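Student: Pasting in a structure now, in structure tokens, and then I'll have a few things to ask.
2 protein chains.
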Amino acid sequence: MDTTPPPVLRLIEAFSRLPGIGPKSASRLTYYLIRSQGDEAIELSDALKELRERIQFCSICFNITEHSPCPICLSEERDRSAICVVEEPLDVMAVERTREYRGLYHVLHGVISPMDGVGPEDLRIRELVDRVMSGNVKEIILATNPSLEGENTAMYIQRKLVAQTIKITRLARGLPMGGDLEYADEVTLARALEGRREM
Amino acid sequence: MDTTPPPVLRLIEAFSRLPGIGPKSASRLTYYLIRSQGDEAIELSDALKELRERIQFCSICFNITEHSPCPICLSEERDRSAICVVEEPLDVMAVERTREYRGLYHVLHGVISPMDGVGPEDLRIRELVDRVMSGNVKEIILATNPSLEGENTAMYIQRKLVAQTIKITRLARGLPMGGDLEYADEVTLARALEGRREM
Chain A
1 MDTTPPPVLR LIEAFSRLPG IGPKSASRLT YYLIRSQGDE AIELSDALKE LRERIQFCSI
61 CFNITEHSPC PICLSEERDR SAICVVEEPL DVMAVERTRE YRGLYHVLHG VISPMDGVGP
121 EDLRIRELVD RVMSGNVKEI ILATNPSLEG ENTAMYIQRK LVAQTIKITR LARGLPMGGD
181 LEYADEVTLA RALEGRREM
Chain B
200 MDTTPPPVLR LIEAFSRLPG IGPKSASRLT YYLIRSQGDE AIELSDALKE LRERIQFCSI
260 CFNITEHSPC PICLSEERDR SAICVVEEPL DVMAVERTRE YRGLYHVLHG VISPMDGVGP
320 EDLRIRELVD RVMSGNVKEI ILATNPSLEG ENTAMYIQRK LVAQTIKITR LARGLPMGGD
380 LEYADEVTLA RALEGRREM
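In order, the protein sequence lines correspond to chains A and B.
Quick note: the first sequence uses our numbering, first residue 1, plus one each step.
Quick note: the second sequence uses our numbering, first residue 200, plus one each step.
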């Protein structure tokens, strides 16, 4: 006798569709919310709705924002001559956390990945080229991930921009802070050697 | 410059409150929902709302249901002389999946666990005793988990019911199907020996 009420099955299904949540975790989350006395389910429901209603992409840099253009693109304090190109909005947060960068951003929303059917036209590359063409950009920092797809995407963008008189840079590769030489993989160590700097 | 829009922070926070979802997973889920073109966020939001609005506990067995009493408690086909006592609604589903049990259920909604501040009065034990007292129950199957708390809770219930002229049973312990003797822990193997049966 399958007695699971349809609303429970529906929520399990909805959770299962999220990345990294399998059917077992989805059940556990659902039954946790059934049991919880508080308003966790309602709060989560409202937060999801608000996200859909209030979040949009910045018309300039394509980062997420409540109002477009986003605060970074509008800020008078940012250096408008530099654009840091990242894959995802989360990467913007990561770079902002360093407090080392004062320029603008451009969020690609993915990487070129033929295996996943993602081509250059699916990313915000054309919009990046338009931004560069329309003037006063002096440096493009390619901050895609140090993965195969990230490197390919960076190379693709570099070729698209090579005719422009701008500096194109890539984040340094090397040993991560707190890392251990002994446990570094060969590629990382090779890049660290290659990029060694005089003290 | 912390530029994360408040609705994004709110959803990350709401996800983080769920068990097994840390701040990193919460961010990943949130950004996945931002990026997804489909209506996954809205579907999840609606499913959560529906859960809260339509799910209640059965007034007899305390399993989750859309209408109380639940279909199992109302069914004419179930054996009303047996009650299987479980910790959670998910356990009812697990027992139902075996298709071996035709009796009724009683969901405790937890186990006695002084460490977590859960005493017998926090569970549906009084209601179980009332059900037994009010007649025609012949067997109580204690199907709490084979954990320390599950065993303790079963023992507590057994003592509460020992004065009644009913059979009180506990699920068999032993080697799980497909298991390997070599990898079985000592307690499981000891229970399997203890509970050995003539062929």
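Glycine included, C-beta positions come from ideal geometry on N, C-alpha and C.
Quick caveat, the model's predicted, so the values are computed rather than measured.
#1: Could you give the first and the last residue of the continuous beta strand (DSSP E) run that contains B/Ile367?
#2: Output the distance between the C-alpha atoms of A/Arg173 and A/Ala192, rounded to the nearest integer angstrom.
#3: Beta carbon of A/Leu142, beta carbon of A/Val187: below 8 Å?
#4: Taking buried to mean at least 16 other C-beta atoms within 10 Å of its own C-beta, is B/Arg227 buried or exposed?
#5: Under 7 Å Cβ-Cβ, which residues of chain B neighbour A/Ser147?
#6: Cβ of A/Val86 less than 8 Å from any chain B Cβ?
#7: State yes or no: is the beta carbon of B/Ala293 nearer than 8 Å to at least one beta carbon in chain A?
#8: Ordered along the chain, which non-local residues of its own chain (more than five positions away) have a Cβ less than 8 Å from that of A/Val132?
#9: When we look at the beta-carbon of B/Pro206 and count the other beta-carbons within 10 Å, is it buried (16 or more) or exposed?
#10: Does the stretch 145-153 of chain A touch the stretch 111-123 of chain A, meaning 3 or more C-beta pairs lie closer than 8 Å?
#11: Can you pull the chain A residues whose beta carbon is under 9 Å from the beta carbon of B/Thr264, in chain order?
#12: Is it a yes or a no for the stretch 117-129 of chain A touching the stretch 95-104 of chain A, going by three-plus beta-carbon pairs under 8 Å?
#13: Sort A/Glu182, A/Met155, A/Ala184 and A/Pro176 by Cα distance to A/Arg170 and report the nearest one.
#14: Does chain A have any CB closer than 8 Å to the CB of B/Ser258?
#15: Alpha carbon to alpha carbon, what distance is there between B/Ser267 and B/Val306?
#16: So, does the CB of B/Ser280 fall closer than 8 Å to a CB anywhere in chain A?
#17: Run the CB neighbour count on A/Arg10, radius 10 Å, all protein chains shown included, and call it buried at 16 or more, exposed below.
#18: Taking C-beta pairs closer than 9 Å, name the residues in chain A that B/Pro218 reaches, listed in chain order.
#19: So within the stretch 271-345 of chain B, which uninterrupted alpha helix (DSSP H) runs reach at least 4 residues, ignoring any that extend past its ends?
#20: Per DSSP, what kind of secondary structure is B/Phe214 in: helix, strand or coil?
#21: For B/Pro222, does the count of other Cβ atoms within 10 angstroms reach 16, so buried, or fall short, so exposed?
#22: Which two residues bound the contiguous alpha helix (DSSP H) that contains A/Gly150?
#23: Rounded to a whole number of angstroms, what is the C-alpha to C-alpha distance between A/Ala182 and B/Arg396?
#24: Please report the straight-line C-alpha distance between A/Gly103 and B/Val294, rounded to a whole angstrom.
#25: Determine the direct distance from the alpha carbon of A/Glu53 to that of A/Leu15, and round the result to whole angstroms.
#26: Rounded to a whole number of angstroms, what is the C-alpha to C-alpha distance between B/Ile356 and B/Asp321?
#27: Beta-carbon separation of B/Tyr231 and A/Pro89 under 8 Å?
#28: Using 10 angstroms around the beta-carbon of A/Pro5, count the other beta-carbons present and answer buried if the total reaches 16, otherwise exposed.
#29: In angstroms with no decimal places, state the Cα-to-Cα distance between B/Arg325 and B/Ile259.
#30: Using Cβ-Cβ distances below 9 Å, what residues of the stretch 109-120 of chain A are close to chain B?
Tutor: Let me lay it out:
#1: Along the second sequence, one-based indexing puts residue 367 of chain B at 168. Its beta strand (DSSP E) spans residues Lys366 to Arg369.
#2: As a working mapping, residue 173 of chain A is identified with position 173 in the first sequence. As a working mapping, residue 192 of chain A is identified with position 192 in the first sequence. Cα to Cα, A/Arg173 sits roughly 6 Å from A/Ala192.
#3: In the first sequence, counting from the first residue as 1, residue 142 of chain A sits at position 142. In the first sequence, counting from the first residue as 1, residue 187 of chain A sits at position 187. Contact: no.
#4: The residue labelled residue 227 of chain B in the question sits at position 28 within the second sequence. B/Arg227 comes out buried.
#5: To locate residue 147 of chain A, count along the first sequence from 1; it is residue 147. Chain B residues near A/Ser147: none, gap ~16 Å exceeds 7 Å.
#6: Your numbering for residue 86 of chain A matches position 86 in the first sequence. By this cut-off, A/Val86 is not an interface position.
#7: Counting from one through the second sequence, the residue named residue 293 of chain B turns up at place 94. Closer than 8 Å: no.
#8: Mapped onto the first sequence, residue 132 of chain A falls at position 132. These residues qualify, in order along the chain: Ile83, Ile140, Leu161, Gln164 and Ile166.
#9: Within the second sequence, the letter at position 7 stands for residue 206 of chain B. B/Pro206 should be labelled buried.
#10: Yes, the stretch 111-123 of chain A touches the stretch 145-153 of chain A.
#11: The sequence position of residue 264 of chain B within the second sequence is 65, counting from 1. Ordered by position in chain A, the residues that pass the 9 Å Cβ test against B/Thr264 are Thr3 and Pro5.
#12: Not touching, per the Cβ criterion.
#13: Taking the first residue of the first sequence as position 1, residue 170 of chain A is located at position 170. Of the listed residues, the one whose Cα sits closest to A/Arg170 is A/Met155.
#14: Numbered from 1 along the second sequence, position 59 holds the residue referred to as residue 258 of chain B. The beta carbon of B/Ser258 sits no closer than 8 Å to any beta carbon of chain A.
#15: By 1-based counting over the second sequence, the position of residue 306 of chain B is 107. By 1-based counting over the second sequence, the position of residue 267 of chain B is 68. Counting only the Cα atoms, B/Ser267 lies some 14 Å from B/Val306.
#16: Stepping through the second sequence from its first residue, residue 280 of chain B is reached at position 81. False, the Cβ-Cβ gap to chain A never drops below 8 Å.
#17: By 1-based counting over the first sequence, the position of residue 10 of chain A is 10. Buried: at least 16 other Cβ atoms inside 10 Å.
#18: Mapped onto the second sequence, residue 218 of chain B falls at position 19. Result: Arg28, Leu29 and Tyr32.
#19: Within the stretch 271-345 of chain B, the runs of alpha helix (DSSP H) at least 4 residues long that lie entirely inside it are, in chain order, 288-297 and 324-332.
#20: Position 15 of the second sequence, counting from 1, holds the residue named residue 214 of chain B. Of the three classes helix, strand and coil, the one that applies to B/Phe214 here is helix, per DSSP.
#21: Mapped onto the second sequence, residue 222 of chain B falls at position 23. When all chains shown are included, B/Pro222 counts as exposed.
#22: By 1-based counting over the first sequence, the position of residue 150 of chain A is 150. Leu148 to Leu161 is the span of the alpha helix (DSSP H), which, as asked, contains A/Gly150.
#23: The residue you call residue 182 of chain A lines up with position 182 of the first sequence. The residue you call residue 396 of chain B lines up with position 197 of the second sequence. For the sequence presented, residue 182 of chain A should be read as Glu rather than Ala. Between A/Glu182 and B/Arg396, the C-alpha separation is close to 55 Å.
#24: What you label residue 103 of chain A is simply residue 103 of the first sequence in a count that begins at 1. What you label residue 294 of chain B is simply residue 95 of the second sequence in a count that begins at 1. When only Cα atoms are considered, A/Gly103 and B/Val294 end up about 60 Å apart.
#25: Counting from one through the first sequence, the residue named residue 15 of chain A turns up at place 15. Counting from one through the first sequence, the residue named residue 53 of chain A turns up at place 53. The sequence shown places Phe at residue 15 of chain A, rather than the Leu named in the question. Rounded to whole angstroms, A/Phe15 to A/Glu53 spans 20 Å at the Cα level.
#26: By 1-based counting over the second sequence, the position of residue 356 of chain B is 157. By 1-based counting over the second sequence, the position of residue 321 of chain B is 122. Going by C-alpha positions, B/Ile356 is about 13 Å away from B/Asp321.
#27: Numbered from its first residue, the second sequence carries residue 231 of chain B at position 32. Numbered from its first residue, the first sequence carries residue 89 of chain A at position 89. No, these two residues do not count as a Cβ contact at 8 Å.
#28: Position 5 of the first sequence holds residue 5 of chain A. Buried, by the Cβ-count rule.
#29: Locating residue 325 of chain B in the second sequence gives position 126, where the first residue counts as 1. Locating residue 259 of chain B in the second sequence gives position 60, where the first residue counts as 1. Whole-angstrom Cα-Cα distance: 12 Å.
#30: Under the 9 Å Cβ criterion, the stretch 109-120 of chain A contributes His109 and Gly110.
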